Amino acid sequence: MFSDIISNARVYILQMYAATVVSLVYMNVAISVAYSAVLIPALKNSADPIEITDQEEMWIVNCVSLVIPCVCVLPGYATDLFGRLWVLKMTVIAHVAGWVTIALANSGTTLIIGRVIVGLGLAFQLGPCFVYISEISSPTMRGALLIFPTLTFSLGTLLVYLEGYFASWRAVAWFSCGYGVIFISLLYTIPSSPFWLVAKQRTEDAKKALEWLNKYQPIENVQQIVQTELGKIQEEQEENRIRCKTSSKVQEFFLPTTYKPFIILTLLLIIQQFAGSYVVVMNAIIFFQEIGTKTDPYLASTYMAATRFLTTFIYVILTKKFGKRPVLMVSFLGMAISMAVSGLYTYWIRTGTTEYTWVPLVMLFLYYVFTAGVLGIPFSLAGELFPVPVRGIACNVAFGLLYFFSFIAVSSYPLLLDGLGGMDGLQYFFAMVALVGVAFTFLFVPETANKRLAEIEKYFWSHTFAIFESREDKLNEDKISKKNPKKIFIEFP
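Here the sequence shown stands for residues 668 to 1160, where the numbers follow my numbering.
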């Protein structure tokens, strides 16, 4: 895929720029999630400590994950009503207020309040980022551009760990505030989604947006491309308007094109969380202290974040060459093997059976490499799977559920640690859940690479098991044409 991007760099440079700007805004999510891994140890050990109770510590870590699902429907409606970019721009208010509150905090309660405010801003950033990228991307670029937020997520995690090693937790909060203001300001340099503009009857603005996004196409082709794509968007929006006259958005959720991908994505996100992906990120420093390695936990966390950032680039190439399904299965399998071996050596270190204290660290390096796929691919699927009429709401609700599951997984961390007999038992648990992820992906997760959004929507009318996709395609096309003779599937973007 990188070869495609490089060879077409001039043609698609503005689409890449727009996706990069939105992805940098999404980096705020990573910074906020990873911040607790730096904050909690620093509160106890730094020169500027704040006394907090165990209950306050739990809420400091988890409140961001809890506030997002509590308000996830509102950002979905706002995204469809006011536009993807407008919603993202308005998050600067909560972003600044939250991080300033954290930086000036003098108690655990104040830290929780600041984290809650930051979480409110994140709730309005999650869905619009992926929806916007999916709607401004050409079909050949969409798969690559939807990975950009995963790259910036890894970069944001690395940035926080590095800052935590060299600076105080208050300085990290001020840095985080500054990054967000700069990134959100860049949103004023890119156009709104042509899809949303057409939906709001702003055809001229949509045309200007398409001209901007395709500015560096061969000069003789620009107007033809713009007119063709604008016409396809208008056709699709007209089809959606006709469908919305006979069904509300609530009824749309009961169509197989919505509820099937929603169930699949929800279950995939549950597996993602309980395979340890966010638990390790949000408790990285403490996690490395407890596995028995003698390496500085701050440095280890930084190395892990750098490793995942670099391997995310490799995942872009792999998903282009092999597709999302096989890459996701291999990622889950790699997580399972590396976590199981790490658990085994953690047990041997605890019982004094081995002196190879470096093995868990190496295995966790590998675990971080494989989590790049497990964290990134479900997010890119969220921007592709849902039909246009409910894309904003469905995407936000899916992300709300993600952070609800994250809250449960991270909150249960100490309980699982005690109930499973220590860190080795917890790692075995993560490994088993990752194996479930392999089977689930094989059975249910469809391949979306190099498919148009309309093709993906068409797939869910009668497909459920992904393993039967190829043999059922002909039968399903006949069934769809009989049941829905008037349904139109537009192949843009």
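All C-beta atoms, glycine included, are put in the ideal place defined by N, C-alpha and C. Nothing here was measured: the structure is a model prediction, and the numbers come from that model.
Next on the checklist: Between L771, L1033 and F1109, which has its C-alpha nearest V839's C-alpha?
Outcome noted: L771
Next on the checklist: Suppose you measure from the CA of P861 to the CA of S732; what does that come to, to the nearest Å?
Outcome noted: 32 Å
Next on the checklist: According to DSSP, is A686 part of a helix, a strand, or is it coil?
Outcome noted: helix
Next on the checklist: What residue range does the alpha helix (DSSP H) around N1063 cover?
Outcome noted: R1058 to S1078
Checklist entry - Is the segment 1079 to 1098 in contact with the segment 1004 to 1018, if contact means three or more CB pairs nearer than 8 Å? => result yes
Checklist entry - Does DSSP put N1151 in a helix, a strand or coil? => result With a pLDDT of only 44 at N1151, under the threshold of 50, the placement of this residue in the model should not be trusted; the figure read from the coordinates follows. Here N1151 sits in coil by DSSP.
Checklist entry - Is the beta carbon of Q1051 less than 8 Å from the beta carbon of S690? => result It is worth fixing the name first, because residue 1051 is Glu in this sequence and not Gln. Taking 8 Å as the Cβ cut-off, E1051 and S690 do not qualify as a contacting pair.
Next on the checklist: Assuming contact is defined by CB atoms lying nearer than 8 Å, are G794 and N695 in contact in what I supplied?
Outcome noted: no
Item to check | Cβ-Cβ distance between M808 and Q682 below 8 Å | outcome: yes
Item to check | I1123 versus L1031 - alpha carbon distance | outcome: 35 Å
Item to check | Contact set for V1100: own chain, Cβ-Cβ below 7 Å, skip 5 residues either direction | outcome: I938, F941 and A942
Next on the checklist: In the DSSP assignment, the alpha helix (DSSP H) including I1004 goes from what residue to what residue?
Outcome noted: K991 to R1017
Checklist entry - So what's K1125 in DSSP terms, helix, strand or just coil? => result helix
Checklist entry - How many whole angstroms separate the CB atoms of H762 and I851, which I take to be in contact at a CB cut-off of 8 Å? => result 7 Å
Checklist entry - Can you check whether the CB of V785 is closer than 8 Å to the CB of G810? => result no
Next on the checklist: Measuring CB atoms only, is the segment 984 to 1002 touching the segment 1033 to 1045, in the sense that at least three cross pairs come out at less than 8 Å?
Outcome noted: yes
Item to check | DSSP three-state assignment for P736, whether helix, strand or coil | outcome: helix
Item to check | Straight-line gap, Y855 to Y684 (C-alpha atoms, nearest Å) | outcome: 12 Å
Next on the checklist: Quick check on DSSP: helix, strand or coil for E1022?
Outcome noted: coil
Item to check | Beta-carbon separation (whole angstroms), L1068 vs P736, contact threshold 8 Å | outcome: 6 Å
Next on the checklist: Output needed for Q901: all residues of its chain with C-beta closer than 7 Å, excluding positions within five of it in sequence on either side, in chain order.
Outcome noted: V865
Checklist entry - Where are the alpha helix (DSSP H) runs, 4 residues long or more, that stay fully inside the segment 852 to 899, in chain order? => result 861 to 866 and 870 to 880
Item to check | Proximity below 8 Å, CB of E896 to CB of P1056 | outcome: no
Checklist entry - By Cβ distance, which residues of its chain are closer than 6 Å to K882, with the 5 residues on each side in sequence left out? => result L681
Item to check | Closest Cα partner of Q722 within the set V734, P716, N712 and I707 | outcome: I707
Checklist entry - Within 10 angstroms of its Cβ, does K991 collect 16 or more other Cβ (buried), or is it exposed? => result buried
Item to check | Top-ranked residue by Cα proximity to G788, from E1114, V700 and P1045 | outcome: V700
Next on the checklist: Please report the distance separating the alpha-carbon of R837 from that of L748.
Outcome noted: 37 Å
Next on the checklist: Measuring only the C-alpha atoms, how far is T1115 from K927?
Outcome noted: 15 Å
Checklist entry - Comparing alpha-carbon positions, which option in I803, L710 and K756 lies nearest N773? => result L710
Checklist entry - Applying the criterion that 16 or more other CB atoms from any shown protein chain within 10 Å of the CB defines a buried residue, is T776 buried or exposed? => result exposed
Next on the checklist: Going by DSSP in three states, K988 sits in which element: helix, strand or coil?
Outcome noted: helix
Next on the checklist: Looking only at its chain, what residues have a beta carbon closer than 8 Å to the beta carbon of S804, apart from the 5 residues adjacent to it on each side?
Outcome noted: Q682, A686, L812, L813 and P1160
Checklist entry - Among the residues of its own chain, which have a CB less than 6 Å from the CB of I698, if the five just before and after it don't count? => result G823, V827 and S843
Checklist entry - For the candidate residues V783, W726, R782 and V798, whose alpha-carbon lies nearest to that of G750? => result V798
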